[in-house]
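One structure is given below, encoded as structure tokens.
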Amino acid sequence: MAVFKISGFFKKPLREISFSIEVEAPSKKFALEKAYSILGSKHRVKRENIKILSIEEVELKPDERGGA
Numbered sequence: 005m006a007v008f009k010i011s012g013f014f015k016k017p018l019r020e021i022s023f024s025i026e027v028e029a030p031s032k033k034f035a036l037e038k039a040y041s042i043l044g045s046k047h048r049v050k051r052e053n054i055k056i057l058s059i060e061e062v063e064l065k066p067d068e069r070g071g072a
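Start counting the sequence shown at 5; every next residue gets the next number (our numbering).
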């Protein structure tokens, strides 16, 4: 699986809060769903209030990969 860095912001009643998170997923589509799920459960934000600005795959160095 690949690691994706997702950046954007979400709206709360009095302000906009920016975020940048890294998630592990098999594709960009699944990474986006995981990001929505994390932000929704952690910050109680609805999907319609989350704006994604960028999704990019993060290259891992050989020593950062799992396994032997």
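Glycine included, C-beta positions come from ideal geometry on N, C-alpha and C.
Short check: CB of residue 32 to CB of residue 59, under 8 Å? If you number the sequence shown from 1, residue 32 lands on position 28. If you number the sequence shown from 1, residue 59 lands on position 55. Contact flag set, yes.
query: What number of angstroms, rounded off, separates the C-alpha of residue 50 from the C-alpha of residue 62?
result: As a first step, residue 50 is located in the sequence shown; it is residue number 46 there, counting from the start. As a first step, residue 62 is located in the sequence shown; it is residue number 58 there, counting from the start. Computed Cα separation, rounded: 26 Å.
Checklist line | N-terminal and C-terminal residue of the alpha helix (DSSP H) that residue 55 is part of | finding: For the purposes of this step, residue 55 is taken as the residue at position 51 of the sequence shown. Here residue 55 belongs to no alpha helix (DSSP H); instead the beta strand (DSSP E) covers 54-62.
key: Start and end residues, alpha helix (DSSP H) containing residue 41   = For the purposes of this step, residue 41 is taken as the residue at position 37 of the sequence shown. Per DSSP, residue 41 belongs to the alpha helix (DSSP H) from 32-47.
Please list, in chain order, all residues of the same chain as residue 20 whose beta carbon is under 8 Å from its beta carbon, the five residues on each side excluded.
For the purposes of this step, residue 20 is taken as the residue at position 16 of the sequence shown. Beyond the five residues adjoining it in sequence on each side, residue 20 comes within less than 8 Å, by CB distance, of 13, 14 in the same chain, given in chain order.
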